[in-house]
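In this text, residue positions in the sequence shown follow the UniProt record's numbering: the first is 1, and each later residue adds one.
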Amino acid sequence: MNSAIIQRQEKAQNLMRDRGYEALVLSVAENIQYLTGVTEPSVHACGVVIVTQQSQPVLAVMWLDAEFAQKQAKDIDIKTYTPHTQGTIIIKTLKHLGVTKGKIGMDDASLEVLGNSLRRSLSNIELVNATEEAEGLRSVKPEEEISFIQKACAIADEGMKIALESLKPGMTELQVASLAEHHMITLGSDRLKHPTIVGSGPRARLPHAWATQKQIENGDLVAIDLGAVYNGYCSDIARTAVVGKPTAELKDAFNAFRIAQDTVLQQLRPGVAIGEIAIAAKEAIKATGYQLLGHVGHNVGLQVEEHPFLESSTAAGPDSKIKRNMVVAFFQGSIQAKQNLGIRLEDTAVITESGARMLTTYPRNLFSQ
């Protein structure tokens with residue numbers, strides 16, 4: 001078995017001992033890939049991975065997916081199920097592994113699909129939502145994972161270049177997004193894990209302005225947020241452009257964003273409390289005359305947005321600290337401006353021994369066409 005996969009499984013088992021879990025039952029795609037090495041999307045769609053404190057993982061898949069799962073996870077026990085028998089197979093496997101009582105950690109997806117079946121058949125178990133803990137296993141990356149993210153970031157930089165160069169009156173948001181996505185896939189990106197955001201005009205200020213058939217008009221502010229995926233690992237980059245000449249207020253607000261992002265960049269180093277970073281960003285924004293809305297950033301890995309999020313100590317936890325080899329995306333917040341401007345400026349960086357190194361390197365300017 002791949003040594004990296006073994007190390008991940010050992011991390012999961014250490015977590016279980018610390019939290020008192022008898023097993024982890026996980027079905028979020030990224031958890032399956034992380035603990036088994038399986039990258040086949042069809043397996044991710046319906047698979048379930050089971051880990052106990054002592055045994056190697058068991059991967060339960062639909063019978064049609066078994067061949068692909070076995071090829072990618074040769075040393076992992078594969079169980080198959082047919083329609084309507086998934087719960088039965090999971091319960092049978094847990095019993096075989098000796099898990100009939102105690103706490104079982106589950107992610108959101110497995111709780112939703114399997115929670116009721118497990119409660120009915122294993123009356124002495126306690127199901128615990130371990131979604132954040134499972135993501136926490138992935139928060140610190142080895143060098144191989146960082147190299148995958150760096151490759152994804154390089155592709156995302158090129159996608160952003162195409163998106164910004166294509167902005168002109170008459171183009172639709174979807175046309176801009178599709179040009180960027182096609183280019184990223186041509187350069188080696190996997191299937192994207194979130195739709196590309198191209199929000200123009202009033203839509204620029206929407207938090208999830210997935211591209212639509214809206215035509216871009218002269219004078220529009222355009223917010224673009226995209227990310228490539230390489231070997232399952234994500235990247236995240238956002239930029240702001242204006243079709244025409246930027247107003248003085250827009251320049252001023254964008255400058256506030258730059259100041260906030262630079263402040264976060266200076267704070268990103270091992271040992272710094274996450275809550276302190278959020279406070280520093282808010283103070284930097286306040287000094288420019290604006291108010292910060294939302295959180296500052298998030299971890300990046302097999303998912304675009306992973307815990308821990310860069311937010312207040314109350315939300316992030318008082319003991320949450322930045323660690324070496326975390327990969328984070330920032331600055332994700334928005335600011336309160338007189339005209340409610342939709343500005344985005346976000347980059348992905350890896351935490352080093354002394355600070356943070358940018359992985360997305362496209363110029364951090366306010367672009368105008």
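We put the CB at the ideal spot given by N, CA and C, even for glycine.
Tell me which same chain residues have a C-beta within less than 7 Å of the C-beta of residue i, skipping the five on either side of it?
| i | result |
| --- | --- |
| F358 | According to the sequence displayed, residue 358 carries Met and not Phe. Answer for M358: D347 and A349, listed in chain order. |
| G136 | H307 |
| H183 | E158, G159 and I162 |
| W210 | P195 and I197 |
| L341 | R205, L221, L250 and A253 |
What residues in its chain sit with their C-beta under 8 Å from that of residue i, if we drop five residues either side in the sequence?
| i | result |
| --- | --- |
| A356 | L265, L268, R269, V328, A349 and V350 |
| M326 | S139, V140, K141, N299, V350 and I351 |
| E133 | L15, R19 and G105 |
| Q213 | T172, E173 and L174 |
| V229 | A152, S189, D190, R191, L192, K193 and S235 |
| T100 | L94, L122, N124 and I125 |
| L345 | A238, R239, T240, F254, F257, R258, Q261, F331 and R364 |
| W63 | T80, Y81 and T82 |
Excluding the 5 residues flanking residue i on each side, which residues of the same chain have their C-beta closer than 6 Å to its C-beta?
| i | result |
| --- | --- |
| T263 | A280, A281 and A284 |
| H44 | A29 and I32 |
| V176 | A163, S166 and V198 |
| E126 | K103 |
| L97 | T52 and S55 |
What would DSSP say about residue i, mapped onto helix, strand or coil?
| i | result |
| --- | --- |
| K214 | coil |
| M358 | strand |
| T172 | strand |
| Y290 | coil |
| residue 391 | Past the boundaries of the shown model lies residue 391; the chain is included only from 1 to 369, so the question cannot be answered. |
| A209 | coil |
| K325 | A small correction: the amino acid at residue 325 is Asn; Lys does not occupy that position in the sequence shown. Note: N325 maps to coil in three-state DSSP. |
| R191 | coil |
| K103 | strand |
| E112 | helix |
| R239 | strand |
| S368 | strand |
| S147 | helix |
| E353 | coil |
| E311 | coil |
| V272 | coil |
Going by other Cβ atoms of all chains shown within 10 Å of its Cβ, with 16 needed for buried, is residue i buried or exposed?
| i | result |
| --- | --- |
| N14 | exposed |
| I50 | buried |
| P57 | buried |
| Q261 | buried |
| I6 | exposed |
| E181 | buried |
| L293 | exposed |
| K95 | exposed |
| G20 | exposed |
| R17 | exposed |
| R119 | exposed |
| G170 | exposed |
| S200 | buried |
Which residues does DSSP list as the beta-bridge partners of residue i?
| i | result |
| --- | --- |
| Y233 | Y230 |
| V38 | Note: V38 sits in no beta bridge, so no partner. |
| D77 | V58 |
| E126 | K103 |
| L26 | V49 |
| E306 | N299 |
| V198 | I224 |
Measure from the C-beta of residue i to each C-beta in chain C and report whether the shortest distance is under 9 Å.
| i | result |
| --- | --- |
| G297 | Protein chains in the displayed structure number just one, and chain C is not present. |
Open item on the list: Below 8 Å, how does it come out for the stretch 225-239 and the stretch 296-313: are there three or more Cβ pairs, yes or no?
Closed with: With the rule of 3 Cβ pairs closer than 8 Å, the stretch 225-239 counts as touching the stretch 296-313.
TODO: Pair every Cβ in the stretch 218-227 with every Cβ in the stretch 239-249, then say whether three or more of these pairs are closer than 8 Å.
DONE: By the criterion of at least three beta-carbon pairs nearer than 8 Å, the stretch 218-227 is in contact with the stretch 239-249.
TODO: Taking 8 Å as the threshold, find out whether the stretch 140-156 comes into contact with the stretch 186-201 through three or more Cβ pairs.
DONE: Contact between the stretch 140-156 and the stretch 186-201 is established, with three or more Cβ pairs separated by less than 8 Å.
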